[in-house]
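With numbering that gives the first Met the number 0 as the guide, the letters of the sequence shown map in order to residues 0 to 258.
Cβ atoms here follow ideal geometry from the backbone N, Cα and C, with glycine treated the same way.
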Amino acid sequence: MIGLALIWPPSVRPAAAATAQAAQCPRSGTLGTSRILAVDAAATPRVGLKSFPQTLPLGDHEVVLTFDDGPWPHTTPRVLAALAEECVRATFFLIGKPASEHPELVRRIAAEGHTVACHTWSHRSLKRIKPAAAIEEINHGISAVEMALHGTATTTPSTPFFRFPGFESTPATLDLLQSRGIVVFGADLWASDWNRMTPKQELKLVTDRLKVAGKGIILFHDTKVQTAAMLPAFLRYLRDNGYHIVHVTPAKSAAAGRH
């Protein structure tokens, strides 16, 4: 398919979710990005069925691609190249420390149209440290990503999306993020690419899981060599099997409330 069609799944209508047509891809025959879904923390403060009872309002064969733990100069550029080749937009949950070490790569991710979100400062489990340290991990991570992106150290994220390392949240940290208007992303399925495997094995694993799920938020890691190698084949699989890419962005109301 060409990445310019606006797809309205049965569960999503303009009154229920802010949706826009994705930018036209200059090349025909690509997978493309079918639509943009604006996510509002007030309506959906937590999404992803692996962690929460609710997820994004996706239609059948709609997927949201997400990547954790970057940026990493040895692999993230390969992931970006694969996404660009198919005119696909994704969401990157960046760790603050590597973001501060590779700000040019953070800016490249954003410049290529992807959503840049936060994944703490150093990927510590926020469930296993003291509450004050957990808050510092969140704030330091946001500040580092904002500095890399915009040259300003602020704990108010320009994109109010967050993912817990290992999905290890606590009631207190969940409440804190909700009070700050930050959407917590889990996942609906994942590639288990934290385990050692070949690109071929990872491709089979994630496509088998997607056949069962039919749709959803998919978790990858752009720091993994096998994922970077596998991604072009996975995007071709999506294209050849009628899947549609949904790009998530913050709702305008959330953006208007930032300062």
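Under the Cβ criterion (8 Å, minimum of three pairs), the segment 34 to 48 counts as touching the segment 176 to 196. Threonine 154 and histidine 139 have their C-alpha atoms spaced approximately 7 Å apart.
Comparing C-alpha distances from methionine 196 to each of Ala212, Ile217 and Val224 shows the shortest one belongs to Val224. Remark: C-beta atoms of leucine 104 and threonine 75 approach each other more closely than 9 Å.
Burial is judged here by how many other beta carbons sit within 10 angstroms of a residue's own beta carbon; glutamate 111 has fewer than 16 and is exposed. Our two residues, threonine 248 and valine 63, have alpha carbons roughly 11 Å apart in a direct line. Rounded to whole angstroms, phenylalanine 51 and glutamate 85 show a C-alpha spacing of 31 Å. Between the C-alpha atoms of proline 25 and leucine 175 there is a straight-line separation of about 42 Å. Note: tryptophan 189 is bridge-paired with Leu218 in the DSSP secondary-structure output. The straight-line gap separating the alpha-carbon atoms of asparagine 240 and alanine 152 is approximately 43 Å.
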